[in-house]
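Asker: In my numbering, the protein residues as written are 6 to 199. All C-beta atoms, glycine included, are put in the ideal place defined by N, C-alpha and C. Let me give you the structure first, and then I'll get to my questions.
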Ligand code: 5GP
């Protein structure tokens with residue numbers, strides 16, 4: 006079991022609706038030493054990629070993406086949730102359905118912050134159905150930049166996002182893949198690392 010899996014077992018709380026709460030170390034209070042360790046692990050896993058930018062989505066991806074960007078020595082950009090309908094053409098836009106809030110958000114990235122020369126590493130805290138990642142991929146695509154890989158802290162392997170993204174041919178690395186979790190018993194199992 007790796008360091009993140011151990012932490013999930015120690016401090017993760019399973020909520021109804023297939024939601025894993027990790028507020029005590031990742032989503033509300035942040036264990037910065039843990040985030041640094043995760044960032045080093047992403048650096049190791051994507052060491053051969055010519056990353057020029059790290060992209061995430063607000064809010065909870067930001068802390069991880071910041072640490073990853075520091076490891077690679079590149080800027081970090083986060084997609085913003087936008088309420089405005091009139092976007093001025095200076096923005097890349099994607100529609101993302103929120104897993105936890107069950108509503109659709111427009112997310113935007115200013116065109117000037119991702120350009121065709123960029124080699125982008127996409128980072129997020131959770132992967133469930135894959136909507137957030139697909140929105141971020143579509144932003145990189147509309148910038149005509151390349152997606153070098155996707156780094157996820159916690160993938161819920163029993164939901165379809167991971168399968169979908171890997172099936173599209175992307176290099177997806179998740180530090181912990183939850184195979185099953187039971188809100189009644191509190192039991193969590195992880196996919197074995199290969
Ligand atoms: P997806 O778009 O893959 O369905 O869901 C990913 C997004 O929803 C992540 O950005 C994350 O913020 C949120 N999310 C999905 N599942 C969970 C979960 O079990 N726990 C928490 N805390 N966030 C989740």
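Counting only the same chain and skipping the five closest in sequence on each side, list residues whose C-beta sits under 7 Å from that of residue 83.
Answerer: Cβ within range, chain order: 61, 62, 63, 66, 67 and 70.
Asker: List the whole-angstrom C-beta distance separating residue 126 from residue 153, where the pair is believed to meet the contact cut-off of C-beta under 8 Å.
Answerer: With a Cβ gap of about 6 Å, residue 126 and residue 153 count as contacting.
Asker: Measuring CB to CB, does residue 27 end up less than 9 Å from residue 37?
Answerer: No. Outside cutoff.
Asker: Check each candidate in 114, 181, 102 and 77 and name the one with the smallest Cα separation from residue 57.
Answerer: Nearest of 114, 181, 102 and 77 to residue 57, Cα basis: 77.
Asker: Between residue 25 and residue 182, which are expected to be in contact by the criterion C-beta below 8 Å, what is the C-beta distance as a whole number of angstroms?
Answerer: Incorrect: roughly 12 Å between the Cβ atoms, too far for contact.
Asker: So which of 35, 48, 194 and 136 has the shortest CA-CA distance to residue 79?
Answerer: Minimum Cα distance to residue 79 is reached at 48.
Asker: Consider the C-beta atom of residue 263 and the heavy atoms of the ligand 5GP; say whether any pair is separated by less than 8 Å.
Answerer: The first residue shown for the chain is 6 and the last is 199, placing residue 263 beyond what the model contains.
Asker: Output the boundary residues of the beta strand (DSSP E) element that contains residue 129.
Answerer: Per DSSP, residue 129 belongs to the beta strand (DSSP E) from 124–132.
Asker: Would you mind listing the beta strand (DSSP E) stretches within the stretch 91–171 that are 3+ residues and don't spill past its ends, in chain order?
Answerer: Correct list: 96–102, 109–115, 124–132 and 151–161.
Asker: At a cut-off of 8 Å, would you count residue 103 as near the ligand 5GP, judging by its Cβ distance to the nearest heavy atom?
Answerer: Yes, the ligand 5GP has a heavy atom inside 8 Å of this Cβ.
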